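In full-length UniProt numbering, the protein residues as written are 1 to 537. A virtual CB, placed ideally from N, CA and C, is assigned to each residue, including glycine. These numbers were taken from a predicted model, which means no experiment stands behind them. A quick write-up on the structure given underneath.
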Amino acid sequence: MAPKKSAKSRGGGGGGGATTSKTAPKPLHPPPPLQLAPDSLKPFTDRLSPAHVYIAHVDGKPAAFKRKIFMVPIAMNLAVAALFLWRVWYIGPYYIQLLQSTLGTENATTLRAADLSRADIAAVVLRRTATFVLDFLLVVFVWPWPLEFLLGGSRIGGGSPVFWRWAIGFRDREIYVRRSRSWDATIGDVVKSANNNGEANGGSGRNVFWGKVRDATAPLLLQEKTGYLTMNADWDLDWAAMVDATQLVDAKVMPLVAFKVLVLLHHNDFGWLCVDLDTGGANAKEEERRKHVFAFRDALAAVGKEDLFFRWIEIIQFETSQPQGFTAERQLEVAQKVRDLFKASDIDFDEFWKESVGSDPMAGTGASFLALALFAGAHGRLASLGLPCVDLLPLDGLLLLALLLLRLLGLALLPDELQAGQVGLGLVCLARLVQLHVSLLCRLRLECLALASARVAADTQLLDALGGLVDGRDGRLGLVARRLRVVRSSSESEPSFFFWPGAHMEISFPSASRGLRSREKCFPPVLGEVGTGTAAA
Numbered sequence: 001m002a003p004k005k006s007a008k009s010r011g012g013g014g015g016g017g018a019t020t021s022k023t024a025p026k027p028l029h030p031p032p033p034l035q036l037a038p039d040s041l042k043p044f045t046d047r048l049s050p051a052h053v054y055i056a057h058v059d060g061k062p063a064a065f066k067r068k069i070f071m072v073p074i075a076m077n078l079a080v081a082a083l084f085l086w087r088v089w090y091i092g093p094y095y096i097q098l099l100q101s102t103l104g105t106e107n108a109t110t111l112r113a114a115d116l117s118r119a120d121i122a123a124v125v126l127r128r129t130a131t132f133v134l135d136f137l138l139v140v141f142v143w144p145w146p147l148e149f150l151l152g153g154s155r156i157g158g159g160s161p162v163f164w165r166w167a168i169g170f171r172d173r174e175i176y177v178r179r180s181r182s183w184d185a186t187i188g189d190v191v192k193s194a195n196n197n198g199e200a201n202g203g204s205g206r207n208v209f210w211g212k213v214r215d216a217t218a219p220l221l222l223q224e225k226t227g228y229l230t231m232n233a234d235w236d237l238d239w240a241a242m243v244d245a246t247q248l249v250d251a252k253v254m255p256l257v258a259f260k261v262l263v264l265l266h267h268n269d270f271g272w273l274c275v276d277l278d279t280g281g282a283n284a285k286e287e288e289r290r291k292h293v294f295a296f297r298d299a300l301a302a303v304g305k306e307d308l309f310f311r312w313i314e315i316i317q318f319e320t321s322q323p324q325g326f327t328a329e330r331q332l333e334v335a336q337k338v339r340d341l342f343k344a345s346d347i348d349f350d351e352f353w354k355e356s357v358g359s360d361p362m363a364g365t366g367a368s369f370l371a372l373a374l375f376a377g378a379h380g381r382l383a384s385l386g387l388p389c390v391d392l393l394p395l396d397g398l399l400l401l402a403l404l405l406l407r408l409l410g411l412a413l414l415p416d417e418l419q420a421g422q423v424g425l426g427l428v429c430l431a432r433l434v435q436l437h438v439s440l441l442c443r444l445r446l447e448c449l450a451l452a453s454a455r456v457a458a459d460t461q462l463l464d465a466l467g468g469l470v471d472g473r474d475g476r477l478g479l480v481a482r483r484l485r486v487v488r489s490s491s492e493s494e495p496s497f498f499f500w501p502g503a504h505m506e507i508s509f510p511s512a513s514r515g516l517r518s519r520e521k522c523f524p525p526v527l528g529e530v531g532t533g534t535a536a537a
């Protein structure tokens, strides 16, 4: 039998499966954006399994918030453990009697087939089978939850959430380490040259790897979620590795900044590799600016000035959409307008930005303005409606969603009990905001709509054009529809939209007096009496 010409060596943790020829020289460095892990990470990587991909990041959420989040799994596992122990206490004597009966001791569970009818025998068999199956499911699937939460296990890296919290407590800056689940065994060699043109374990596995890493390191995810909530179908938290990383930082062996956002995988030829996320993601700089905007928003909210943030965003997005372009001169003019806006509320924009973000607000002004123009925060994306991933600022995005929801509900009339004083903004304002985004929403000839065609909510041209984009996706609209109140003036025939901070959308079906089913307050209002709104011109 002829000897094999080549041998396969499988590397762990997403870097495995590399097929190397005996005569082919090994490259000295992995292809970018992969790079050799620096020696400073060796104290940490020595404690990791080469069979997995790891992602570490630093969570800066307040310790009090993390404590509240952790109370939820504690309560759930205590409840599960209590119910399980109650079940053991309740059913334990029954199983003891069954065992004694099996060994020949007659008791209440002992049955004689000769004394029972077939129906009675069938009933006993079914009842006992159901009991056995229920308890089997509890032992196999339910009991491991509190057990792993307290003691851990091999599936979750040998540590446990309780052990982790007991070791490090609650901190304002915590290191979280995620470990890949079973998908890491199927991706093969992600370091293989791109010239393989998608060969087995080549291109397809590499695409899976980069897709999962890109999703897991998205700044929006890391900004909005505390680390404990980043577990999903692709990633587990490695509790033991989190304790190790924290202890290394506490002992001054490694700096905290080394874990800012760190992706690690092992390869047989190169050893431990890390990912240069600055070059690995095409939108890394844009995402960094987006993180700055989040930090600025949170700082304004902390001092009770969140309304300034939305007014600032509206100014920037309006100015960047003007036909004359957003030249350097226009950027300086808009920057001064923003400063004046903040100064009217006794806030120095430049100083406040430096304190909350830590950078010069004028650094990269043009790019920052463009990032702001597409900012959506946590208020939703058109991608959730099946559109391209284009972000809208909260005000116009929610107005647009309100109109779409009216279209999907077939809503033409609203109840009369709402007063004229609650009418605000109006459909003309909505039409203007829609026109601002024709370059982003130019589908179904939206760019051809005249401004006046949006003036009445029943206008079929606007409703059909916009509503047609989201047909069949109305189930997702409620997730981002808030800060609005839909009202109808008793003196006007068309509904109008009123924007108010903290409000939710309030929508009603046509009243029963008009022969249609009435259903008010699809979303509970928190607005109360809003007073007189500003009608749109």
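Rounded to the nearest angstrom, how far is the Cβ of residue i from that of residue j, given a contact under 8 Å?
i, j, result
"Arg178", "Trp235", "4 Å"
"Lys225", "Val58", "In fact, because the Cβ distance is near 13 Å, the residues do not count as touching under 8 Å."
"Leu48", "Leu264", "7 Å"
"Val142", "Phe65", "Contact doesn't hold; Cβ gap of about 29 Å is too wide."
"Ala299", "Phe352", "7 Å"
"Ala63", "Asp172", "5 Å"
"Pro43", "Leu262", "That belief does not hold up - the Cβ atoms of Pro43 and Leu262 are roughly 13 Å apart, past 8 Å."
"Thr109", "Leu98", "5 Å"
"Leu220", "Thr230", "Not confirmed; about 12 Å, so no contact."
"Ala122", "Ala245", "Contact flag wrong, Cβ pair sits at about 59 Å."
Taking 7 Å as the limit between beta carbons, can you name the residues of its chain near residue i, skipping five residues before and five after?
i, result
"Val357", "His292, Ala295 and Phe296"
"Phe70", "Arg165 and Tyr228"
"Val124", "Leu111"
"Ser345", "Lys305 and Leu308"
"Arg67", "Phe170"
"Asp120", "none"
Can you tell me which of the three DSSP states residue i falls into?
i, result
"Trp143", "coil"
"Val208", "helix"
"Leu403", "Unreliable placement is indicated for Leu403, whose pLDDT of 48 sits below 50; the coordinate value is still reported in the next sentence. Correct three-state label for Leu403: helix."
"Gly92", "helix"
"Leu48", "coil"
"His292", "helix"
"Ala420", "In this predicted model, Ala420 has a pLDDT of only 27, less than 50, meaning its place in the structure is not dependable; the value taken from the coordinates is given anyway. Correct three-state label for Ala420: helix."
"Asp269", "coil"
"Leu277", "helix"
"Asp307", "helix"
"Asp236", "strand"
"Leu111", "coil"
"Leu262", "strand"
"Ala301", "helix"
"Asp346", "coil"
"Val213", "helix"
Within the continuous beta strand (DSSP E) that includes residue i, where are the two ends?
i, result
"Ser180", "Glu174 to Ser180"
"Ile55", "Tyr54 to Asp59"
"Leu34", "Leu34 to Leu36"
Rounded to the nearest angstrom, what separates residue i and residue j at their Cα positions?
i, j, result
"Asp348", "Ala335", "12 Å"
"Gly205", "Trp272", "18 Å"
"Asp46", "Asn268", "15 Å"
"Asp39", "Cys274", "12 Å"
"Tyr54", "Ala216", "11 Å"
"Arg485", "Trp86", "Below a pLDDT of 50, predicted positions are generally treated as unreliable, and Arg485, at 33, falls in that range; the measurement from the model is reported next regardless. Between Arg485 and Trp86, the C-alpha separation is close to 49 Å."
"Ile74", "Val88", "21 Å"
"Pro30", "Leu256", "26 Å"
"Leu138", "Trp210", "38 Å"
"Ile96", "Leu134", "17 Å"
"Gln331", "Glu319", "9 Å"
"Arg214", "Val338", "34 Å"
"Pro50", "Val191", "15 Å"
"Ala113", "Asn107", "15 Å"
Below 6 Å CB to CB, which residues in the same chain sit around residue i once its five sequence neighbours on both sides are set aside?
i, result
"Val303", "none"
"Glu174", "Asp59"
"His52", "Gly13, Arg179, Ser180 and Asp184"
"Glu329", "none"
"Val208", "Ile187"
"Pro146", "Asn77, Val80 and Ala81"
"Leu151", "Ser160"
Can you list, in chain order, the residues of its chain whose CB lies under 8 Å from that of residue i, leaving out five sequence neighbours each side?
i, result
"Ala233", "Arg181"
"Ala37", "Thr45, Leu264, Gly271, Trp272, Leu273 and Cys274"
"Val243", "Gly159, Phe163, Trp164, Ala167 and Ile168"
The alpha helix (DSSP H) with residue i in it runs from where to where?
i, result
"Trp239", "Trp239 to Asp250"
"Leu126", "Arg118 to Leu137"
"Arg339", "Ala328 to Lys343"
"Ser356", "Phe349 to Val357"
"Val162", "Pro161 to Ile168"
"Pro219", "Pro219 to Glu224"
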